[in-house]
Amino acid sequence: MAGVHLLGVATTSQPGRSRGPDVLAREVVGAALADAGLSSAEVDGVAIAAADAGFTRGAEASLGERRRAYQCRCGLGTVALNSAWKAVSAGVGEVVVCVGFDGVAAPLSADGERLEAQAAAAREYFQHSGATERHLARVAAKNRRHGAANPSAPVSAEVGIEEVLASELLLWPLRRLMVAAPAHGAAAVVLGAAGRGRR
2 MAGVHLLGVA TTSQPGRSRG PDVLAREVVG AALADAGLSS AEVDGVAIAA
52 ADAGFTRGAE ASLGERRRAY QCRCGLGTVA LNSAWKAVSA GVGEVVVCVG
102 FDGVAAPLSA DGERLEAQAA AAREYFQHSG ATERHLARVA AKNRRHGAAN
152 PSAPVSAEVG IEEVLASELL LWPLRRLMVA APAHGAAAVV LGAAGRGRR
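Take the sequence shown: its letter number 140 is residue 141 in the numbering used here, and every next letter is one higher.
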């Protein structure tokens, strides 16, 4: 079993709605390969996590038309990343690009099913864990603090716990500043065997 190394990473800036999924794919794959110091000709495999056909075509186009030793298509980034890691670890490929896309069609609203499901999950969590609305506010404030340090984050302003608790109630216990902003972007990682990529 070979050692697996993280050779390169990239994310697109958000929100990326002005660029189509195929453009985001080309942008993020190119940036991850540049970070790794590799060209698309050196890529043995690809794992793509996206339900969008345009993104998949863009990712494939950015890597060229040649046949690769390893290919994976799935809907979840964690599955694609695990699959890419296993391909390198098993020696199926020496350099595998894992790329994913997420685009939310519309923000959550008080009458939306997704918001109802998330609010129900939070209420169930409260019941089983003893957590409160203040705990959710602390998580939201922490996430925004970390996002403020990321130039690619869709929301870059910090908020305090009291500000979160004072924000508009969407559907109890979720408030406006507890709910993630709709994302539209892509990320890529380049995994490889020892001795590949930039030293």
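For glycine and all other residues, C-beta sits at the position ideal for the given N, C-alpha and C. Being a predicted model, the structure only gives us computed values, none of them experimental.
**Prompt:** From the beta carbon of Gly-65, is the nearest beta carbon of chain B less than 9 Å away?
**Reply:** Reference to chain B is not applicable here, since this structure consists of a single protein chain.
Extent of the continuous alpha helix (DSSP H) run through Asp-23: For this step, residue 23 is matched to residue 22 along the sequence shown. Counting along the chain, the alpha helix (DSSP H) containing Asp-23 begins and ends at 22-37.
Val-185 classed as buried or exposed, judged by whether at least 16 other C-beta atoms fall within 10 angstroms
Translated into positions along the sequence shown, residue 185 becomes position 184. It is worth fixing the name first, because residue 185 is His in this sequence and not Val. Counting Cβ neighbours within 10 Å, His-185 comes out buried, since at least 16 surround it.
- Item | Opposing strand residues paired with Asp-220 [DSSP bridges] | A question about residue 220 goes unanswered here, because the residues of the chain that appear run from 2 up to 200.
Between which residues of its own chain and Val-165 is the CB-CB distance below 7 Å, once the five residues before and five after are set aside? Translated into positions along the sequence shown, residue 165 becomes position 164. Cβ within range, chain order: Ala-138, Ala-141, Ala-142, Arg-176, Leu-178, Met-179.
- prompt: Going straight from the alpha carbon of Cys-73 to that of Glu-114, what length do you get?
  reply: The residue you call residue 73 lines up with position 72 of the sequence shown. The residue you call residue 114 lines up with position 113 of the sequence shown. Cys-73 and Glu-114: Cα-Cα distance of roughly 31 Å.
Item to check | Residues near Val-5 in its chain [Cβ-Cβ closer than 8 Å; skip 5 each side] | outcome: To locate residue 5, count along the sequence shown from 1; it is residue 4. Cβ within range, chain order: Trp-86, Val-89, Ser-90, Leu-192, Gly-193, Ala-194.
Q | Length of the line joining the Cα atoms of Ala-33 and Gly-161 | A | Taking the sequence shown and counting its residues from 1, one reaches residue 33 at position 32. Taking the sequence shown and counting its residues from 1, one reaches residue 161 at position 160. Spanning the two alpha carbons is a distance of roughly 34 Å.
### Range covered by the beta strand (DSSP E) that runs through Leu-171
Reading the sequence shown from its first residue, position 170 is the one you call residue 171. That run of the beta strand (DSSP E) goes 170-172.
request  = Determine, using beta carbons only, whether Ala-26 and Ala-51 come nearer to each other than 9 Å.
outcome  = Here residue 26 refers to the residue found at position 25 of the sequence shown. Here residue 51 refers to the residue found at position 50 of the sequence shown. It is a contact, given that the beta carbons lie within the stated cut-off.
**Message:** Taking its Cβ as the centre, do 16 or more other Cβ atoms sit within 10 Å of Gly-9, making it buried, or is it exposed?
**Reply:** Your numbering for residue 9 matches position 8 in the sequence shown. Classification for Gly-9: buried.
Problem - Option nearest Ser-153 by Cα separation, candidates Leu-170, Ala-188, His-136, Leu-171 - result: Counting from 1 along the sequence shown, the entry for residue 153 is found at position 152. Looking at the Cα atoms, Ala-188 is the closest of the given residues.
- When the Cα of Gln-119 is compared with those of Val-29, Val-98, Glu-159, Leu-172, which residue comes out closest? For the purposes of this step, residue 119 is taken as the residue at position 118 of the sequence shown. Of the listed residues, the one whose Cα sits closest to Gln-119 is Leu-172.
Q.
Classify Gly-77: buried if its beta carbon has 16 or more other beta carbons within 10 angstroms, exposed otherwise.
A. Counting from one through the sequence shown, the residue named residue 77 turns up at place 76. Note that residue 77 is Leu in the sequence shown, not Gly. Exposed, by the Cβ-count rule.
Which residues in the same chain have their Cβ closer than 7 Å to the Cβ of Ala-123, if we skip the five residues on either side of it in sequence? For the purposes of this step, residue 123 is taken as residue 122 along the sequence shown, with counting starting at 1. Closer than 7 Å at the Cβ level, and outside the excluded window around Ala-123, lie Leu-137, Pro-174, Leu-175.
Check: From Ala-111 to Glu-117, what distance separates their C-alpha atoms?
Finding: Looking up residue 111 in the sequence shown gives position 110. Looking up residue 117 in the sequence shown gives position 116. Because the pLDDT at Ala-111 is just 47, under 50, the model does not fix this residue reliably, and the value given afterwards should be weighed accordingly. If I take the Cα positions, the gap works out to 8 Å.
Please work out which residues of its chain come closer than 7 Å, Cβ to Cβ, to Asp-45, disregarding the five sequence neighbours upstream and downstream, and give them in chain order. In the sequence shown, counting from the first residue as 1, residue 45 sits at position 44. Excluding positions up to five away in sequence, the list reads Arg-69, Ala-70, Tyr-71, Gly-94, Glu-95, Val-96, Val-97.
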